[in-house]
Amino acid sequence: MFHDKRIWCVQPTPSAEELARYLTEHTMCCCCGFELGGYLFLNDATSADGAQEYAVLRKQDTPDAPYVQIESITFGWCDFAKGLQYVRDILAGRYDTSEFVRPVRPQLQTSHEHGRCHFCA
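Spelled out as structure tokens, the structure:
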């Protein structure tokens, strides 16, 4: 993750297809995150008009490191089909043991907790 002080508002996503559509066909606020199948996709773009870069985190059951970052993907450079392929590969665990894996402690909020911030549109 580029931004260790950013606070993300995480929304559950019902399917890989819907998540791929959000990540590839929309420009999301920099504080936006999605959850699907135990993985988080956190907008890690450097600015609102920057490429839609997402830190991909896997939830784990350890209190000292509740998440590990397994990848960083610029979904803004992908079409829907490529984005969906990435999402499906992630959900299948194909990135879980890459050399990129490292413990992270993101700051996460529900939409109720988050309200509006300077990143919100």
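FYI, the numbering for the sequence shown is 467 to 587, going by the numbering used here.
By construction, the Cβ of each residue, glycine as well, lies at the ideal position given by its N, Cα and C atoms.
Please read these numbers as outputs of a predicted model, since none were measured by experiment.
Collapsed DSSP secondary structure at residue i in the structure displayed
i: Gln-551; result: helix
i: Gly-542; result: helix
i: Ala-486; result: helix
i: His-469; result: coil
Residues that DSSP places opposite residue i in a beta bridge
i: Ser-564; result: For Ser-564, which the question treats as bridged, DSSP gives no partner whatsoever.
i: Arg-524; result: Tyr-505 and Val-534
i: Glu-519; result: Thr-540
i: Cys-498; result: Cys-475
i: Leu-574; result: Trp-474
i: Pro-480; result: Pro-480 is not bridged to any residue.
i: Pro-569; result: Val-534
Cβ separation of residue i and residue j, assumed to be a contact under 8 Å, to the nearest whole Å
i: Thr-528; j: Glu-501; result: The Cβ separation is near 18 Å, so there is no contact.
i: Val-588; j: Ile-536; result: The chain is shown only over 467 to 587; residue 588 falls outside these bounds and no answer can be derived.
i: Arg-524; j: Gly-542; result: Not really, about 22 Å apart at Cβ, beyond 8 Å.
i: Cys-496; j: Ala-511; result: 6 Å
Does the structure place the segment 468-487 close enough to the segment 559-576 that three or more beta carbon pairs sit under 8 Å? The way I'd put it, the segment 559-576 does touch the segment 468-487; three or more beta-carbon pairs between them come closer than 8 Å.
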